[in-house]
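Chains as they are written, first to last, in this note's numbering: chain A, 1 to 645; chain B, 1001 to 1276; chain C, 2001 to 2548.
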Amino acid sequence: MRGLSGLQTLYDPDRITQPLQRVGGRLVPIAWRDAIDMLVRALADVRKRAPEQLLVMSGRDRGFTLELLARLCRVFGSPNFVDGTPAHTATLARAMELSLGVRDVPAYTWDGAGAILSLEAGLFEDACRSIYFARIAAAMRRDRARGARLIHAGPTFDLAAYNADRWLRVQPGTAGALALGLAHVLVRDNKYAEEVARAEGFAELKALIADYSPARVAAITGCEAGAVDELAHELWQRRPVLVVVDERSLAYTNGLATARVAIALSALLGSIENPNGGLRVPPRAPTFAWPEAELDAIAERALQTPRLDGAGRAPFVGATSVLDTLPDAIRATPPDVALLYHANPVYARAQPERWRDALAAIPLVVSFSPFLDETVADVADLVLPDHTFLENFEDATPLLASPRAVAGVRQPVVTRVHDTRSTADVVIELAHRLGEPFARAFPWRTSRDAFEERWLGLHAAARGTIVEPTAKQFLERFYHHGFWAERDDALPAHVTIKLPSAWKEPVWDGDPAQYPLALVAYHPLGHASGGGANQPWLRTLQPRPGLGSWTFAASLSPLDAPAGVHTGTRIRVVSPHGAIELAVHLDPRIARGCIAIPTGGGHHAFGRWARGFGVNVMTLLAREPGADTGAALTCTTRVRVEAVT
Amino acid sequence: MSLRRWFTQLLAPEPSPARRDFLRNAATLSAAVAIPQLASAAPRARRRRHWGMVIDLDRCSGCNACGVACRQENNIPTYGPDPTFDGARPEWMSMLWQEPERADALPSLLPLPCMHCADPPCVKVCPVGATYKDPDGFTMQVWDRCIGCRYCMVACPYSRRSFNWTEPAWTPLELQMLNPDVATRPRGVVEKCTFCHHRVRKLQEEAALAGREPTDAECQRLPACAQACPANAITFGDLDDPDSRVAKLSGSPRAFRLLEHLGTEPSVYYLKKDRG
Amino acid sequence: MAGRIFALARRHPRRVLPAGTAGWYALIALALGLIGLAIYAYSVQFREGYIVTNLRNPGRGGAAWGLYIAMDVYFVGVSFAGITVASIARLFKLQVLEPVTRLAELLTISALLAGACVVVADLGRPGHGLLELPALARPSSPFFGTFTLVVAGYLFSSLVAFFLTGRRDAATMARIGPRWLRWFYRGWASGYRFTADEHARHGRTTFWLAITILPLLVCAHSTLGLIFGIQVGRPGWYSALQAPGFLVLAGASGTGMLILATVILRRMLRLRAQIPDTAIHWLGGFLWVLALVYLYFTVVEELTATYAGPTMDRHVAHSIVTGGYSTSFWVYVGTMFLGFAIPFTQYVRGRPSVRGIAIAAALVNVGAVVKRLLIVVPSQTQGSYLALEEGTYTPSWIEWSIMAGAASLVLLIILVFARIFPLTHGHEPELTRDSTLPRDRARKLASIAWATIALVLVVVGLTDSFRLWSGGDLDPRLPYAPLIFAAGVMMLFSTAVIYELLPGRRPPRAKARIVDRARTRAAPPAVALATAIRATERTNRPTSGSQP
């Protein structure tokens, strides 16, 4: 689906067709040569004065291009590299680090699992894995002798609830309590994997789950007490069980704790590193790493400067990047140059107006975006447009779904349509133009050379789907197939499990008396990490089952709706930080006390298909970075609803 | 517009310059599709079929990849969120959301293509024969013949037909996205799902060149929707061939068709959801 | 009755035709204005596409058919009553209806033209439609009736009847009418001679036309009803009652429109003397009977739908009676009921009044328009057997404009005609069924030959239009088979024209001298003519077997 509609990114009539420079408030075309010259001059200047004044922000969290940018930033001497790790990836990776000692998003084994327990996960609607999951779920249900059951716990009737064999309606952010309740029953009835009793923190875990009896869980979540018992026994019967959390589960302030509880539950069900089913530590493809870049004295000194976003320091000890603290930090000490790679914070982050003000304070904002998004339109001073994915040559390493390492290459399907350049190539050229020590750290002529150096590690490993005697032949076959993969799933690894000791209900910003409803901001089907906005084929997808295409509506229980409000009425949704007006859809199945609003509406740039549709729910959100990980959370705010007269 | 041009436009609307080139290129293939006499000039020794589809609702996750693929394959124009176009956006593959009869039961999502009924009400009422029943089981359309009376639209019990309420327009860049195997339709013409018969014809011609008939395996994921479905929920094939997958699936105890009591004999079977 | 025109001509030689009044000019201006608006509205629709109407896809809660189709069936319905009244008047020798027969036929023709305009306005590709229908139309589609049979059979036969019955007055007007229209009258008269032969022939053709047009009308109107009645997929449409219901409503609305036209013209052009109240009273009686029958149909429909019908049928019926369409429904019921009650009460009391009947007629027509919309729209916006979206439909200004333009076309034609041709007949033909006519072999042979060719064309055209000889092909075997069929039907009706118009034997010279003598006496032309004509009639009174 993403692939098909990707044509619309390639042929987007509102794409940026050549580099742009802001002159007198407007963006005017500029030649590549002049654009690079300008940037090199600015960077050289900043390096002379204060290298830490460079800010590099990415909207993506993986890829060789991103690594090249990180490398540039490091050799430059700036600690302010903010990667675009989505909140849930950061949270989940940190949870894995704390629980299993491996900082990465888990992979899953599906083949022998008897059940999938989704704790508020948007299984069929979120991000890239949803299409893969649809295939897996169908295969699990119908292609095996003993089909698996899908149990979904969540506050709204989304596609996961629709597809589930059983849907437990729980209050938003309380799926962790459900997991603790299940753990309570399992431990009480002595139905858990033996090795868990020997794991570190078992006593603390027992103390924690003692508080979460089925009755208490029923009170917190709103599901029935009997259901918890029943479900726990069923899961034990059907083990191993896949306990899944993702974007939607971890969008609350208790995201990290919920993730750890989910891992603990998997452990209790004997579903960690179980070859039949469950959570797996994701194996890495054996690509070579680039040699460590040599830093000169300037860089060494500048890298000591504390990061603008506060990552790595209390209270964000577990974070590699924090987004929500940046606008204030930038306002306080504006960097001199900002490079934005596939990042659109002036739309996509909480309280986008603060981002606009903050970025406007930076003298030179450079964006590599191929699309005229809000950040480019409102604050960018220089635009060096990247290719779209159908024109680009880059690596394609997916978020692993199964424990089998894969390395892929994304090759151009068409020659470039406009005067754009691959960002990886631009970074290498910048490095060469900046001279030493960059030239030594970037010894490749083009990005292709840099990438091939990495991929030759696969050749050296001499295993997997492509084994060739020479590097040349290996690369030839690699490009022909488009990917390399291990032949088999990774063998179960030995992991040391550390169990969690705490879990809290989510914290919501706003006085419950004034703002009685919890705002569940969700990424709808076709959101495609924000990139779907200018692809009308994705825009026409219904945001939620039951709503038609091209509808943008808030979902609210009829019991929570003010008098006189029915489906189709316009309502005003007010939070402590903003207000929006949109249509409402009364859904009798949504949990009481919450209102669900999709993201992706209210664009004022990003092309003709993005504009004029819906409203931007991010204007309502509090900026509440998650504890420890600093993840940018979206379900943290309370709101109230008024009818618009 | 001058009077003469208005009059010529009345009788034979001229495509815009951007489309003219594209249409010229697509003329050969679409002519073969649009004019049945030409199409029937293909090898006559083909086996007669009854093309049909089986949609397994237990596999379908409601992701609507089928809808996106259909739009892309068949050059269906998009009109954006402007409320003027509410109710006017063409849709060949729809997702039907059915609330259940009982309050405590759960709703269902059905992918809804054209049923290609064996006894179609739409074919009977067309005053000029712009839609007709192909002997292989397709309910075909001759877009160039349609006069836009919209009788077929109101006759279809499944409401699967869309009208081109305005001239579809693509920017020059977007024209490059169009599938050259499928003609674009001008305004004033009714359109609907074709079971991707251009793909079926192509397959039949290729097989005929190799001196054989297409196999069932080649047909199972032939239409764009079946090909795109990640859950493998949509299967296509010859209902009259007892060995085909669709024939076997359509005999399943879970199989049902929509509005059977109306006597339309639809060629799309659904397999009931098996949840709970 | 005979010679009313001549009576008028004697008193006011120049005033055979009514004078224009302020009201007449005002209505003409209004009609022209509305037609201009309709043309503009159509140009907007043509330029931008149907998106400018409020019609939408039924699968998304819209109505693909709306005001256009409703008005198309309404106008064709109105046309039904016109020629039916005229035919009934002649067949059953209803003298009381004599003054309104011409207006009735004119109403038929103009309403059919208006209906044709509206249905062409409804086509997504009208150019293609006009070019393709004659070549490719399929009789198995109920729309075939609308597009082909209505024009070929219905309109043409009405024109033929109108033409033939007006020849006599046209011949009169050719001599005493305004000079600048003499060409028109002469053309219409087409060599009409005031002979007994003509007279008798005309009687015969009128009889046969009346006999054949009536079943044709019933067929054509039933087709209109069948457009909806055979649609199994739309709750509320699928019903055996649609075809008869359309007939009755057509009769009611048409009679009402005829009453309105008569009353308005009478008043505006001061034709009270020519069109007496009794004609209107009779029509009023016809009106309340039909209105009552249609109310009965409505009751039966609603009962059937709501008693134990399928869910969606009940849903549609409820949405009409008590739901979103209830206002329209009760307006319709109210107007139709008043349209029945007012003339009925008058009838019971024995004191019919023209004003009351006119009000009832107007109400019935309002009710008929509303009912047409209620037939067409709710079964699409609320009526889907699958749980698709429901919606609403209200016509846009474009649709209202085109409807107003079509109605104004009717108005324009009638108003203009009333001033260029006498509305009331100078003389009603006596219908002749016996064969006491002078033998005229040539005429008989010519007519039979013509009719035979016509029948052959009809059979060949119709069977080929049904694609009976086409094998598996989509197209008829003969090019333009539907056109051949339509031409055959038109030829069949024009047999009447052949029969009447074929030149017969010339009258003997002696008679001509009498006319000359009358002229040399220098009497006022109208008087002289009248005397001469009477003289001719006396001489030409048919005697059995004799030749003039």
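Note that the Cβ used here is the ideal one computed from N, Cα and C, for glycine as well. Treat the numbers as computed from the prediction; the structure is a model and nothing was measured.
Give the secondary structure of residue i by DSSP, where H, G and I count as helix, E and B as strand, and everything else as coil.
i	result
Arg331(A)	helix
Lys1192(B)	coil
Ala485(A)	strand
Thr645(A)	coil
Pro1111(B)	strand
Ile1234(B)	strand
Glu200(A)	strand
Glu52(A)	helix
Lys498(A)	strand
Ile2230(C)	coil
Leu2017(C)	coil
Tyr108(A)	strand
Ala1026(B)	Its pLDDT being 46, under 50, Ala1026(B) is placed unreliably by the model, and the measurement read from it follows with that caveat. The answer is helix: DSSP assigns Ala1026(B) an H, G or I state.
Gln2346(C)	helix
Trp2450(C)	helix
Gly2127(C)	helix
His2315(C)	helix
Arg640(A)	strand
Asp2169(C)	helix
Asn534(A)	helix
Tyr2042(C)	helix
Ala1034(B)	Low local confidence applies: a pLDDT of 47 at Ala1034(B) is under 50, so the model's placement there is unreliable, with the coordinate-based value given in what follows. Here Ala1034(B) sits in helix by DSSP.
For residue i, which residues in chain B fall below 7 Å Cβ to Cβ?
i	result
Trp2065(C)	Arg1150, Val1154
His2128(C)	Ile1147
Gln18(A)	Chain B residues near Gln18(A): none, gap ~14 Å exceeds 7 Å.
List, in chain order, every chain C residue whose beta-carbon is nearer than 9 Å to that of residue i.
i	result
Gln1141(B)	Those do not exist, as Gln1141(B) stays about 11 Å from chain C at its closest Cβ, beyond 9 Å.
From which residue to which residue does the alpha helix (DSSP H) around residue i run?
i	result
Gly2082(C)	2067-2091
Trp2288(C)	2277-2307
Ile272(A)	Ile272(A) -> no alpha helix (DSSP H), and no H or E assigned at all.
Asp1056(B)	Taken as a continuous stretch (DSSP letters only), Asp1056(B) belongs to no alpha helix (DSSP H), being part of the beta strand (DSSP E) at 1051-1056.
Gln2380(C)	2378-2381
Let's see if you can read the secondary structure: which residues bound the beta strand (DSSP E) around residue i?
i	result
Ser367(A)	364-367
Arg410(A)	406-410
Ile597(A)	594-598
Leu2249(C)	Per DSSP, Leu2249(C) belongs to no beta strand (DSSP E); it is in the alpha helix (DSSP H), 2242-2269.
Could you say which of the options lies nearest to residue i if we only look at CA atoms?
i	options	result
Leu2247(C)	Pro2235(C), Thr2278(C), Tyr2294(C)	Tyr2294(C)
Glu1099(B)	Arg1201(B), Leu1109(B), Pro1090(B), Phe1256(B)	Leu1109(B)
Ser2556(C)	Leu2445(C), Ala2196(C), Ile2359(C)	Because residue 2556(C) is not part of the residues shown, which for chain C are 2001 to 2548, the question remains open.
Glu1167(B)	Met2173(C), Gly2334(C), Val2052(C), Pro2479(C)	Val2052(C)
Arg539(A)	Arg477(A), Pro598(A), Ala153(A)	Pro598(A)
Which chain B residues are close to residue i, counting only those with a beta carbon under 8 Å from its beta carbon?
i	result
Gly2124(C)	Cys1146, Ile1147, Gly1148, Cys1149, Arg1150, Phe1163, Asn1164, Arg1187, Gly1188, Val1189, Val1190
So which residues on chain A does residue i lean against when the C-beta distance must stay under 7 Å?
i	result
Glu1174(B)	Tyr11, Pro13
Arg996(B)	What is shown of chain B runs 1001 to 1276, which leaves residue 996(B) out entirely.
Cβ pair count under 8 Å reaching 3, the segment 42-54 of chain A against the segment 394-404 of chain A
no
Evaluate contact between the segment 2350-2366 of chain C and the segment 2045-2056 of chain C, counting only Cβ atoms and requiring at least three cross-stretch pairs below 8 Å.
no
Segment contact, 8 Å Cβ cut-off, at least three pairs: the segment 86-104 of chain A with the segment 256-274 of chain A:
yes
Are the segment 2050-2069 of chain C and the segment 2376-2387 of chain C touching, with three or more C-beta to C-beta distances below 8 Å?
yes
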